[in-house]
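Chains as they are written, first to last, in my numbering: chain A, 108 to 307; chain B, 13 to 377.
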């Protein structure tokens, strides 16, 4: 669990160590966030090649299928944000996805893009604005307002985050860590957990 | 069997949760529920379809504070289709492309309760021009309705009632989590009950809504303070204390971890900070303390009175300028109001206490 001021410290330290993320300090302490822009593509449909191996479109250069007759896969621009979730006192991962025309990409295409590692779990309820796995209290992915910018984003729900990070951090924590190290490691682990769902 | 029955709830003076909560809480909840705001909705004249009846394109509605814009779109649409639009010209219209803007060009959000949109607008308007009138009927808020090309980058992608319901349910769950550290109360509700909450909003039925919401929202019983001084005499902030010998209400407003509260500044980000019902010294958290902690420039803390001296044996604390005020459900809230009580009695239907902060035009010293 992080307080707002701890989060503010953590993102400052993190941005120093990870130059592809930049730190926006926001209008006041604790309302800052990390941000970066990445490029992704719409994934091809999964295909089975002659050896009956399942190939996923992203990362496969040659696919012997009609799908390969298509020209370059549509490019997507993803703005990523690491913000503070005031309700759950942990970071939360927010993002927007735009196509090459600058249009907002609908959710069904977002989860089919190279940003996502897996398809939603079986039995998930998928609407235009949220994906909720079966028996989940909160949607896994839904629309939300960026807590500082106020613009609409997709976000991964942070409610399970704290438990997951706590498990890992107890394994790796060392007694000689100072506050800065602890905060950065916390964020690193958190981002690793997000990375189990998204290609970061 | 209600999930909220537990062994300590035996005294006759404690109302059965299934039959109702205490009188004061119910009174304020009903007042909040019945609150409405006047809206004047006008289609952007540049977008009126051909052959529209231009004299009539303005629609007035007294909208419930706890409702949402997607829920009033159907009646606006019926009016426009029946009275204003030419049938043929209006055929191509898709109401899912409709969106609202205030007169000043502020995009109006689908997932904000209408009362919040109105209060936020009242404050912005008062800063731009006239001060809020002290006693007057509320002036209608003018909305401009656009019929196409919603700015998806700034508004939620989906304006449908279903998306609104999802956002509403998420807010309820988040509020539940903030209060208790888990969402057990929400997840313990049967699906029919969960849906019933939204149906209560849609149908605007206090009874249908609160029949379920009472299981989630804490009551406003007094904090358990056996040796504390008598409560301050403020009729708005303290409900009647019927029986101080009762054990602390485990589900009561003063037993929660934190009050789900957000502060809306006129041009700023939305502030969300921890608001425990009681401070470390056991006294209830008041608005003035909360504001002095988080927005001290707008609500400077009152310094203590100087020590008594021979010349001034009964010193008063120096006055501080009143720069700002807090609007909750359209009412200016007194500084000694307690967050826990406000959260139980004046929260919106989504469980959140929304506080709009405005600046006074004339500084009162």
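The beta carbon of each residue, even a glycine, is placed where N, CA and C say it ideally should be.
- Distance from the CA of residue 229 of chain A to the CA of residue 81 of chain B, rounded to the nearest whole angstrom, comes to 34 Å.
- Shown here, residue 93 of chain B sits in a helix according to DSSP, grouped into three states.
- Counting only Cβ-Cβ distances below 9 Å, residue 236 of chain A has contacts in chain B at 168, 169, 170, 172, 174, 175, 178, 179, in chain order.
- Straight across, the Cα-Cα distance linking residue 285 of chain B with residue 306 of chain B is about 8 Å.
- Contact between the segment 187-201 of chain B and the segment 101-113 of chain B is absent, with fewer than three C-beta pairs closer than 8 Å.
- Taking C-beta atoms as the reference points, residue 204 of chain A and residue 217 of chain A count as a pair closer than 8 Å.
- With contacts defined as CB atoms closer than 8 Å, residue 222 of chain A and residue 141 of chain A fail to qualify as a contacting pair.
- A straight line joining the alpha-carbon of residue 247 of chain A with that of residue 295 of chain B spans about 39 Å.
- Contact annotation, residue 265 of chain B with residue 359 of chain B: C-beta distance approximately 10 Å; criterion of less than 8 Å not satisfied.
- Sequence-distant partners of residue 133 of chain A (beyond 5 residues in either direction) whose C-beta falls short of 7 Å from its own C-beta, in its chain, are 139, 140, 255.
- Residues of the segment 185-202 of chain A with a C-beta atom less than 8 Å from some C-beta of chain B are 193, 194, 195, listed in chain order.
- When DSSP states are grouped into helix, strand and coil, residue 353 of chain B belongs to the helix group.
- Under the three-pair Cβ rule at 8 Å, the segment 119-135 of chain B does not count as touching the segment 96-108 of chain B.
- For residue 300 of chain B, there is no enclosing beta strand (DSSP E); the enclosing alpha helix (DSSP H) covers residues 299-306.
- In this structure residue 50 of chain B touches residue 152 of chain B by the C-beta definition: roughly 4 Å separates them, less than 8 Å.
- Bounds of the alpha helix (DSSP H) holding residue 268 of chain A are 268-279.
- Bounds of any beta strand (DSSP E) do not take in residue 287 of chain B, whose DSSP letter is neither H nor E.
- Take the alpha-carbon of residue 210 of chain B and the one of residue 314 of chain B: they are about 43 Å apart.
- Short of 7 Å from the beta carbon of residue 236 of chain A, and not among the five residues preceding or following it, lie these beta carbons of its own chain, in chain order: 214, 249, 250.
- At a cut-off of 8 Å, the C-beta of residue 250 of chain A has a neighbouring C-beta in chain B.
- According to the DSSP secondary-structure assignment, residue 213 of chain B is paired through a beta bridge with no residue.
- Taking the Cα positions, residue 87 of chain B is about 33 Å away from residue 231 of chain A.
- Judged by DSSP in its simplified three-state form, residue 153 of chain B adopts strand.
- Shown here, residue 133 of chain B sits in a helix according to DSSP, grouped into three states.
- For the segment 104-125 of chain B, the set of residues with a beta-carbon nearer than 7 Å to any beta-carbon of chain A is empty.
- Annotation: residue 190 of chain A is outside any alpha helix (DSSP H); the continuous beta strand (DSSP E) that includes it extends over 182-192.
- With a contact defined as Cβ atoms closer than 8 Å, residue 155 of chain B and residue 362 of chain B miss out at about 21 Å.
- When rounded, the separation of the alpha-carbon atoms in residue 232 of chain B and residue 289 of chain B is 11 Å.
- At a beta-carbon threshold of 8 Å, the residues of chain B lying near residue 258 of chain A are 165, 166, ordered along the chain.
- Looking only at B/162, B/141, B/95, B/352, the smallest Cα-Cα distance to residue 372 of chain B is reached by B/141.
- Shortest Cα-Cα distance from residue 271 of chain B to any of B/91, B/287, B/330, B/281 involves B/287.
- Runs of the alpha helix (DSSP H) spanning 4 or more residues and lying entirely within the segment 98-130 of chain B do not occur at all.
- Taking the Cβ atoms as the reference, residue 136 of chain A lies roughly 6 Å from residue 112 of chain A, within the contact range of under 8 Å.
- Annotation: residue 275 of chain A has no Cβ neighbours in chain B at a cutoff of 8 Å; minimum Cβ distance is about 21 Å.
- Residue 202 of chain A carries a strand assignment under DSSP once its states are collapsed to helix, strand and coil.
- Residue 190 of chain B has a beta carbon lying within less than 8 Å of a beta carbon in chain A.
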